[in-house]
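As they're listed, the protein sequences go chains A and B. With the first letter of the first sequence counted as 1, position 68 gets the number 68 in my numbering; the numbers rise by one all the way through. Going from the second sequence to my numbering is simple: count from 1 and add 1000. Virtual Cβ for every residue (Gly too), placed ideally from N, Cα, C. The structure under discussion appears below in the form of structure tokens.
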Amino acid sequence: MTAKKGSKKGHINYGKWAYIFLIPFTAAFLIFQLIPLFQTFHFSWYEYYEDMLSTVGPTWSGIANYRYLFSQTATRSFYFFGAKLGTADINDLLYYTINTLVIWIEGFIPQIIVSLLLAIWFTDLRLNLKLQGFWKTVIYMPNLIMAAAFGMLFQMIFARDGPVIATLINLGWIGGPYDVSTSTSWTHVIIAFLNFLMWFGNTTLLLMAGVMGIDTSVYESAMLDGANSHTVFWKITMPLLRPIFIYVLITSMIGGIQLFDVAQIFTQTSGGPQESSETLMMYLYSLISLKQNYGQAGALSVLIFLVTAALSMTVYEITNPKINEGKEQKKAFEKRMREYADCPATMAEFSRNHALSQGGAK
Amino acid sequence: MATFALPQKITKSYRVQLILKRILAYTILTLLAFLCIFPLWTLLVNMTRSHSSISGSGFSWWFGDFLPQNWKLAFNDNHLPLASALRNSFIVSSSVTIITCYFSCMTAYCFNVYSFKGKEVIFTFIMLIMMIPTQVSAMGFVDMMRSWKLLDSLWPLILPSICSPIVFFYMNQYMHSILPFELVEAARVDGSSEIGIFHKIVLPIMKPAIAVQAIFAFVGSWNNYFIPALLISKDDAKTLPLIIAAVKASDPASFNLGKVYCLVGISIIPLVLVYLALSRFIIKGVTAGAVKG
């Protein structure tokens, strides 16, 4: 807007420079993202694969690739947090989707609980935790570690003759050597745990920023109101934190759909026993790299794209208006406080409520 | 009266509550810190132990004296070319860092200083593509690189980073809050060219933001596994994650746990050290870009 003013004054068209400076970004986007994206979508309608050193296709095949993805079925077992839920005949694609989601949920539930707790504690001035820099440094560290190396490291730590099993045997908790990588339920849980370990620090920092963004006067008003920490948490922190909470939820879900590195290395590319930890991205990888069926890989990409696009749109829609909603709530709060302060009668009621709620809290 | 008597009673029970809460908080924090440190400690310890000691006696809290041997084994395995992988990873990561930061700044400069047709549309578009994972277009990308004969080359890992919407978004926010337009105008009056303004005024002002994003760009590229795994199959073009992925597939006769721990350690530890040195800075950067509200 200010640039317009400049161009009028100087009688030079600076606008053309904008387009020149935009060239690298746009060109890279077109060449390395948009065209490949269209190619991927395009080939999803074609029969196109490598067969013994020769390339078959691309020849038009309509929805054959999509039909293929939905036609492969097998008998599979379902697990949640290590417990077996049951067995059923299920479509491969659906099974991998469920795997991906279940691993994500198994990691996300502890992650959001722990992160929320830590975020509240770190920002609690009365609690006044010491060594905050140290704690934050340590809990964020796993996020920067190469996921592939992390998977490899845990693969060795949880190996048959690795330190965890050895410790458990020493403690007498298990009878003898145990191979975690053959256990359908444990592979799941460990991958989810690794995900948790890598991301809870990041989520904590995000939520902390969210909590610190809440105006302290809101908390002070609540204290005056006689709210205990339980009430403050559920009635103030959570509602005001909702936008960032949803942001964390959806970005984590998008990240969860992309789960690849840890699972791939931890299961040694096998997808775990009976493919119980095969994720969508591992399936995509195997279609492109091992099976070299580009048509089917394209079809799978389209499906993944649709899901992520829907989630991205949701995050875009939700975060923006909800931030304003949070502000409105805060305004309403402040208005109420002012009303209270103006009226002596309410002020008396106020202190009575204060006494009552404190009595009730004990 | 009652309102005066009450606070003391409250503070007493409140204090007990507070102390209990503190104990709980420190316990949980210690536990979580242990979970984060333990794997790295095991890694460090096992880097210094021999294969037989690791697989025989399992776990040890303290170092052995096998580090030089493991180190030598790790660097001398012909199937897992660690030296060239380190070099490749370093080349790719540093190029990506420079390119990402430079071009994201340039694009942000464009959105902050000029007004041009389609500005809003392009910006919204960038926001929309920000969250689409690169994996989705991977198939087309691999196909294109194959037809360009760029498989087993490092270029396809470097050049796409010219367009990194997330870094752009961060740079854009930062520039918006920090760059006074008068400065650009003054430079124009002084006869500086547009590209000169960008290089001599805007880039120096953007240094703090560049530093933060440089770290994240470097780490992201250093750890990148999916795309390189699809593109690179030749040994001498492999990056570190590919070497780690190839460990179990390699010759079982030469399989040595000490060596593998060393391999993993060499790919993790440089970044951990950099992180520990700059952690304050990095932790500030995590939230600065991500929280839009």
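Any chain B beta carbon closer than 8 Å to residue i
i: S301/A; result: yes
i: V114/A; result: yes
i: N99/A; result: no
i: L259/A; result: no
i: M152/A; result: yes
i: L53/A; result: no
i: S289/A; result: yes
i: S312/A; result: yes
i: W121/A; result: yes
i: K136/A; result: yes
i: I191/A; result: no
6 Å CB neighbourhood of residue i in its chain, flanking five on each side removed
i: N1046/B; result: I1054, Y1261
i: C1101/B; result: I1210, Q1213, A1214
i: Y1225/B; result: P1241
i: G201/A; result: I139, Y140, N143
CB contact check: residue i to chain A, cutoff 8 Å
i: K1021/B; result: yes
i: W1222/B; result: yes
i: F1141/B; result: yes
i: V1092/B; result: no
i: A1033/B; result: yes
i: Y1275/B; result: yes
i: Y1114/B; result: yes
i: G1293/B; result: Residue confidence for G1293/B is low, a pLDDT of 34 falling below 50, so the modelled location carries little weight; the figure read from the coordinates is stated next. Output row for G1293/B: interface = yes.
i: I1037/B; result: yes
i: R1280/B; result: yes
i: L1302/B; result: No answer is possible for residue 1302/B: the residues shown for chain B start at 1001 and end at 1293.
i: L1257/B; result: yes
Beta-carbon proximity of residue i to residue j, cut-off 8 Å
i: P1156/B; j: L1231/B; result: yes
i: Q258/A; j: P1133/B; result: yes
i: T203/A; j: S312/A; result: no
i: L205/A; j: K130/A; result: no
i: L1044/B; j: G1265/B; result: yes
i: F81/A; j: P1160/B; result: no
i: L1240/B; j: S1147/B; result: no
i: A149/A; j: I1282/B; result: no
i: I90/A; j: T279/A; result: no
i: S289/A; j: A1229/B; result: yes
i: L1257/B; j: H1079/B; result: no
i: F1103/B; j: F25/A; result: yes
i: K1259/B; j: N1070/B; result: yes
i: L1018/B; j: L127/A; result: yes
i: E47/A; j: G295/A; result: yes
i: P36/A; j: M1144/B; result: yes
DSSP-derived helix/strand/coil call for residue i
i: I90/A; result: strand
i: G360/A; result: Because the pLDDT of G360/A is 31, which lies under 50, any placement of that residue in the model is unreliable, and the question is left without a value.
i: T279/A; result: coil
i: K84/A; result: strand
i: G62/A; result: coil
i: T415/A; result: Within the shown structure, residues of chain A are numbered from 1 to 362, placing residue 415/A beyond reach of any answer.
i: V1247/B; result: coil
i: Y340/A; result: Note that Y340/A has pLDDT 46, beneath the 50 cutoff, so the model's placement of it is unreliable and the number below is only indicative. DSSP places Y340/A in helix when its eight states are reduced to three.
i: A74/A; result: strand
i: S54/A; result: strand
i: N228/A; result: coil
i: Y14/A; result: coil
i: Y1174/B; result: helix
i: Y1225/B; result: coil
i: Y48/A; result: strand
i: Y79/A; result: strand
i: N1256/B; result: coil
Cutoff 7 Å; reference residue i; Cβ partners in own chain excluding five residues on either side
i: G1196/B; result: none
i: G210/A; result: L241, I244
i: V262/A; result: A147, F150, G151, I191, L194, N195
Neighbourhood of residue i by C-beta distance below 8 Å, restricted to the same chain and skipping five residues each side
i: P1165/B; result: I1126, M1127, I1129, M1130
i: A1083/B; result: F1075
i: T187/A; result: V180, S181, F266, T267, G272, P273, S276, S277
i: V1272/B; result: L1040
i: I165/A; result: F158, A159, I174, P177, Y178, V180
(Q) Between the region 57-76 of chain A and the region 299-309 of chain A, can you find at least three pairs of beta-carbon atoms closer than 8 Å? (A) yes
Q. Three or more beta-carbon pairs under 8 Å between the region 49-65 of chain A and the region 1142-1158 of chain B, yes or no?
A. no
Q: Pair every Cβ in the region 1170-1179 of chain B with every Cβ in the region 1195-1208 of chain B, then say whether three or more of these pairs are closer than 8 Å.
A: yes
Q: Decide yes or no for the touch test of the region 93-100 of chain A against the region 244-252 of chain A: beta carbon pairs closer than 8 Å, at least 3 of them.
A: no
Q. Counting pairs of Cβ atoms below 8 Å between the region 219-229 of chain A and the region 1176-1192 of chain B, do you hit three or more?
A. no
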